[in-house]
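**Q** The sequence shown begins at 1 in the UniProt record's numbering and counts up one residue at a time.
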Amino acid sequence: MSTITFTPQVSYSARQVRLTRRGRLVVFGFGVLLAFALGVWFAAGSVATQDAGVKQVEVVTVAPGETLWDIAADATAVTGEGDVGAMVERIQEMNSLDSRMVLAGQTLRIPTD
Numbered sequence: 001m002s003t004i005t006f007t008p009q010v011s012y013s014a015r016q017v018r019l020t021r022r023g024r025l026v027v028f029g030f031g032v033l034l035a036f037a038l039g040v041w042f043a044a045g046s047v048a049t050q051d052a053g054v055k056q057v058e059v060v061t062v063a064p065g066e067t068l069w070d071i072a073a074d075a076t077a078v079t080g081e082g083d084v085g086a087m088v089e090r091i092q093e094m095n096s097l098d099s100r101m102v103l104a105g106q107t108l109r110i111p112t113d
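(1) In the DSSP output, which residue or residues are listed as bridge partners for Ile110?
(2) Check Gly65 in the structure and name its three-state DSSP category.
(3) Given this structure, state the Cα-to-Cα distance separating Pro111 from Pro64, to the nearest angstrom.
(4) Taking all protein chains shown into account, do 16 or more other C-beta atoms lie within 10 angstroms of the C-beta of Ala77, making it buried, or fewer, making it exposed?
(5) Give me the Cα-Cα distance between Asp74 and Val84, rounded to the nearest whole angstrom.
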């Protein structure tokens, strides 16, 4: 008896893809559009506001006999600002105070920046 063996012959033809001028323009345009879309998607998480950021504050309890001027003077010594009157106004504005009168035991927010 004789034996026959078959060897499969696989032939691969190398195909080259050639882009025309219009094809290159389409591929470039798609790349630019994709980059723009990714930029918009990443930028969607950022939010800009008119506020400068979170104000740094310290909460102080008014001691008996202490005035708003005393508290502002202590705050200017900490922050390095020299104008106590301006600090009094900032404290009034920050705490929504109608007058410069404070009561013992009252808590005030004092700017520290």
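Beta carbons: idealized from backbone N, C-alpha and C, even for Gly.
Since the model is a prediction, treat every value here as computed from it, not as a measurement.
**A** On the basis of the data shown:
(1) Glu58
(2) coil
(3) 21 Å
(4) exposed
(5) 9 Å
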